[in-house]
Amino acid sequence: MATASTISETANSPGSPAASLLVTLTPLPPDALERALANLAIAFPEQPVQVATPDPLPANTQTAARVHAFTYTPAAPAPGGWVLTAADYLNAYKVMQDHAASGCLLLGPEAQSLQPEALAGLGSGVLAGKSDLTMPLYSLGPRDGLVNSAILYPTTRALFGTRPRYPLAIDMALSRRMAEKLATAAQRFTASGQSGALLWPVAEAAAAALSVNETQAGTRAIPAPDSVDLNTILAHVAGSLFSDIEAKASFWQRSRLAYSPKAAAAHTQAAQAEAAEEAAELPEIQPMLDSFRLAYSNLHEIWSLVLPPNSLLGLKKLSVTSPAEFRMPDGLWARIVYDFVLAYRLRTINRGHLMGALTPLYLAWVASHLRLASLAGPGSLSPEAHIEALAAAFEADKPYLVSRWRWPDRFNP
Amino acid sequence: MGQQVGAALAESMHRVTVKLVSFLPGLLALLVAVVVLTAIGALVAVILRRILASARFDERFGKTQNATVADLAPSHSPTLLISRVAFWACVVLGVIIGISAFDASYPGNTQISSILIPYLTHSIGAVIILLIGTVVARFLSRSILIGAVNLQMQYARFLSLGVKWLVLVLTAAMVLDHLEVGGSIVALAFGILFGGIVLTLSLAIGLGSRDLVSRSLEKNVEPPDRTGFDDIPPPTPRPTETLRHF
Numbered sequence: 000m001a002t003a004s005t006i007s008e009t010a011n012s013p014g015s016p017a018a019s020l021l022v023t024l025t026p027l028p029p030d031a032l033e034r035a036l037a038n039l040a041i042a043f044p045e046q047p048v049q050v051a052t053p054d055p056l057p058a059n060t061q062t063a064a065r066v067h068a069f070t071y072t073p074a075a076p077a078p079g080g081w082v083l084t085a086a087d088y089l090n091a092y093k094v095m096q097d098h099a100a101s102g103c104l105l106l107g108p109e110a111q112s113l114q115p116e117a118l119a120g121l122g123s124g125v126l127a128g129k130s131d132l133t134m135p136l137y138s139l140g141p142r143d144g145l146v147n148s149a150i151l152y153p154t155t156r157a158l159f160g161t162r163p164r165y166p167l168a169i170d171m172a173l174s175r176r177m178a179e180k181l182a183t184a185a186q187r188f189t190a191s192g193q194s195g196a197l198l199w200p201v202a203e204a205a206a207a208a209l210s211v212n213e214t215q216a217g218t219r220a221i222p223a224p225d226s227v228d229l230n231t232i233l234a235h236v237a238g239s240l241f242s243d244i245e246a247k248a249s250f251w252q253r254s255r256l257a258y259s260p261k262a263a264a265a266h267t268q269a270a271q272a273e274a275a276e277e278a279a280e281l282p283e284i285q286p287m288l289d290s291f292r293l294a295y296s297n298l299h300e301i302w303s304l305v306l307p308p309n310s311l312l313g314l315k316k317l318s319v320t321s322p323a324e325f326r327m328p329d330g331l332w333a334r335i336v337y338d339f340v341l342a343y344r345l346r347t348i349n350r351g352h353l354m355g356a357l358t359p360l361y362l363a364w365v366a367s368h369l370r371l372a373s374l375a376g377p378g379s380l381s382p383e384a385h386i387e388a389l390a391a392a393f394e395a396d397k398p399y400l401v402s403r404w405r406w407p408d409r410f411n412p
Numbered sequence: 000m001g002q003q004v005g006a007a008l009a010e011s012m013h014r015v016t017v018k019l020v021s022f023l024p025g026l027l028a029l030l031v032a033v034v035v036l037t038a039i040g041a042l043v044a045v046i047l048r049r050i051l052a053s054a055r056f057d058e059r060f061g062k063t064q065n066a067t068v069a070d071l072a073p074s075h076s077p078t079l080l081i082s083r084v085a086f087w088a089c090v091v092l093g094v095i096i097g098i099s100a101f102d103a104s105y106p107g108n109t110q111i112s113s114i115l116i117p118y119l120t121h122s123i124g125a126v127i128i129l130l131i132g133t134v135v136a137r138f139l140s141r142s143i144l145i146g147a148v149n150l151q152m153q154y155a156r157f158l159s160l161g162v163k164w165l166v167l168v169l170t171a172a173m174v175l176d177h178l179e180v181g182g183s184i185v186a187l188a189f190g191i192l193f194g195g196i197v198l199t200l201s202l203a204i205g206l207g208s209r210d211l212v213s214r215s216l217e218k219n220v221e222p223p224d225r226t227g228f229d230d231i232p233p234p235t236p237r238p239t240e241t242l243r244h245f
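Order-wise, the sequence lines are chains A and B.
When we follow numbering that gives the first Met the number 0, the leftmost residue of the first sequence carries the number 0, and every step to the right adds one.
When we follow numbering that gives the first Met the number 0, the leftmost residue of the second sequence carries the number 0, and every step to the right adds one.
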């Protein structure tokens, strides 16, 4: 029986019914907020939902019977931006505690673009108690989320044995204990004034042996990063991941796989089967190749401090390869990423310099990936199949990272 | 005459021998002070290293500090940095004590320590300036090299070397000035050299980045009125602009 008022309130109401599901939103414009509330009402027609937003609610906002929206004061100042930060996780948990919610849907910027089906999929696992963390599987194009495809997904899958395709998702569903776990991790950052630090929920869940699930989320408007400088954002995101890997070294060194070898092969084949019949148009990759060749001639000395001779030889061969045949082997890229993770830990060079030296290598991988995606005919790989093969290469080379991590001075092929 | 020459030589030999004999105890005291304090410094360094290693100082320091102290420390170990600072502090103290002992044992009112000790402190300051300048030069040159490469500047290495030498020349001038060596000649030479390097870099950047500057200026200029140019299709966006890295 519907009992909630249709008029939304502008302040916390201790007397409001304790809903099982809490939805926390980041700051949204008024029209986007109304659309998000409407989508939530469609997604959860029978479930009472409390929606917490830091924005003041417009006076004429009308919501469905079971959607109760209110404004809350964040416990930690969230810097805002394109991705969820430590302050967002801490604020979400505090609101969960205040409203005794058993599950939380944490929605990032541009949340109004999420379809009701995606919202329902995210919330269902947590509400049913089947999953502590549900991550979305966005439908992105072959030219979107390239850093995630190149570094974030393969690394988290190989090291933490997790399957979510987007470990740095903008939206997620959390159980109470998962939210508590993330809030504890977030507090370490907010206490030292780093409210804008990134957290890695998938890695946290894996390390705490909590269940992780993934659900189709369809298309979504992906917010653009605040800075247009690739170097800055790559350094921020990849550096955060490398730091998290260093912190959880005792966990990921124990071998585990996200997929068994048979399942991994089947997963890759399924990705290949979903590919479009025609190959994608090859974008202009010459600037990326020029950047890589310029970097090779200028940064070779810096790379030699980080990469072993085998990897340097592979890069040397790439630097003289013609654009029509440019292909960075998956194993080479996996080892490069692992070597940079190790160098990050050992502080072989200044960390800012290290992440700056990674950018041209990443662009070389992007050029190789896009060229592969544009190939047609038998034997060609779809972009998604290539990503899955890359992730499998990361898993295959994990012993390399473990050996170098344990014996950095002795093991240097 | 021969006897007088011989007597003069014998007397001067005797005076030199006496001076040498009176000089040796002071020198020996200086050497003993330096050796003993060096040994004490080595012992202090070992003890400090063991205490800090058992307290896992490096790991705790790395967790709380994002900054470059760990990057600048030898072998990226703050423990090693602290132990080496303690060792060299003991060595310097030994040298100061040794000079004071040398002055005390030397007869007369020569006041060698009042001349040598200030110069010793200046020398230590000069060594510190040199070390800091070298580290800063290396850091800045690497930062500029990586930044310029990522901006796809063809003269990245040239720019990096130029900045490195700028900082090194500045450091050398500061060190020589601190040691009061050369006087105004050093200042003049530094000015000429520094100005020359800056002028060279300015010319290189100005001539080499004309395209970059003109492109950035064009971005700020309003697009021209296209009436009368309807037959010319607008430029299609480059495919690289549709890439989303995040």
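Note that the Cβ used here is the ideal one computed from N, Cα and C, for glycine as well.
Remember, predicted model here, so these are calculated numbers, not experimental data.
Sub-8 Å separation of residue i and residue j beta-carbons
i, j, result
"A420 of chain A", "Y137 of chain A", "Here chain A covers residues 0 to 412 and nothing more, so residue 420 of chain A does not appear."
"L233 of chain A", "I169 of chain A", "no"
"V365 of chain A", "A149 of chain A", "yes"
"D225 of chain A", "M177 of chain A", "no"
"H177 of chain B", "L229 of chain A", "no"
"P108 of chain A", "W81 of chain A", "yes"
"S318 of chain A", "Y295 of chain A", "yes"
"A204 of chain A", "K247 of chain A", "no"
"A42 of chain A", "P115 of chain A", "yes"
"L298 of chain A", "S239 of chain A", "no"
"R350 of chain A", "A257 of chain A", "no"
"F287 of chain B", "P77 of chain B", "In the structure displayed, chain B extends from 0 to 245; residue 287 of chain B sits before or after that span and is not available."
"A372 of chain A", "P382 of chain A", "yes"
Other residues of its chain near residue i: CB distance less than 8 Å, five sequence neighbours each side excluded
i, result
"G102 of chain A", "S19, L20, L21, G122, V125, L126, A172, L173, S174 and R175"
"Q46 of chain A", "A18, S19, L20, R65, G122 and L126"
"S159 of chain B", "S140, R141, I143, L144 and A147"
"E179 of chain B", "H121"
"I196 of chain B", "G161, W164, L165 and V168"
Interface partners of residue i on chain B, CB under 9 Å
i, result
"D87 of chain A", "Here the premise fails: no neighbours, minimum Cβ distance about 17 Å."
"P224 of chain A", "H244 and F245"
"I221 of chain A", "R243 and F245"
"L240 of chain A", "Correct list: empty, because the minimum Cβ distance to chain B is about 13 Å."
Interface partners of residue i on chain A, CB under 8 Å
i, result
"T241 of chain B", "R142 and P282"
Cβ shell of residue i (< 7 Å), same chain only, five flanking positions each side left out
i, result
"D396 of chain A", "G330, A333, R334 and Y337"
"L19 of chain B", "none"
"R255 of chain A", "G160"
"A237 of chain A", "I150, M354 and L357"
"L89 of chain A", "A74, A75, A182, A185, Q186 and T189"
"P163 of chain A", "M134, V201, V211 and E213"
"A32 of chain B", "G93, I96, G97 and A100"
Nonlocal neighbours in the same chain, by C-beta distance under 6 Å from residue i, ignoring five residues either side
i, result
"L200 of chain B", "G161"
"G195 of chain A", "P78 and T84"
"L400 of chain A", "Y337"
"L242 of chain B", "none"
"F189 of chain B", "A172"
Whole-number beta carbon distance between residue j and residue i, since they are thought to touch under 8 Å
i, j, result
"V50 of chain A", "L36 of chain A", "6 Å"
"E33 of chain A", "Y92 of chain A", "The Cβ separation is near 26 Å, so there is no contact."
"S112 of chain A", "R219 of chain A", "5 Å"
"V211 of chain A", "M134 of chain A", "7 Å"
"A85 of chain B", "A44 of chain B", "5 Å"
"P322 of chain A", "L288 of chain A", "6 Å"
Chain-ordered chain B contacts of residue i [CB-CB under 7 Å]
i, result
"S290 of chain A", "Q151"
"I232 of chain A", "F245"
"A294 of chain A", "V148"
"P78 of chain A", "Result: empty, since nearest Cβ-Cβ is about 17 Å, beyond 7 Å."
Listed by chain order, chain B residues near residue i by CB distance under 8 Å
i, result
"A356 of chain A", "I145"
"P29 of chain A", "Under the 8 Å cutoff, chain B gives no residues; its nearest Cβ is about 27 Å from P29 of chain A."
"P108 of chain A", "Per Cβ cutoff of 8 Å: no residues; P108 of chain A is ~12 Å from chain B at best."
Interface partners of residue i on chain A, CB under 7 Å
i, result
"R156 of chain B", "N297"
Contact list for residue i against chain A, beta-carbon separation under 9 Å
i, result
"F138 of chain B", "N349 and H352"
"S142 of chain B", "N349, G351, H352 and G355"
Just by C-beta distance, which residues in the segment 144 to 168 of chain A are closer than 7 Å to chain D?
-> No chain D is present in this structure, whose protein chains are A and B.
Note down, in chain order, all residues in the segment 28 to 54 of chain B with a beta-carbon under 7 Å from any beta-carbon belonging to chain A.
-> none
Under 8 Å (Cβ pairs) to chain B, residues found in the segment 301 to 313 of chain A | I301
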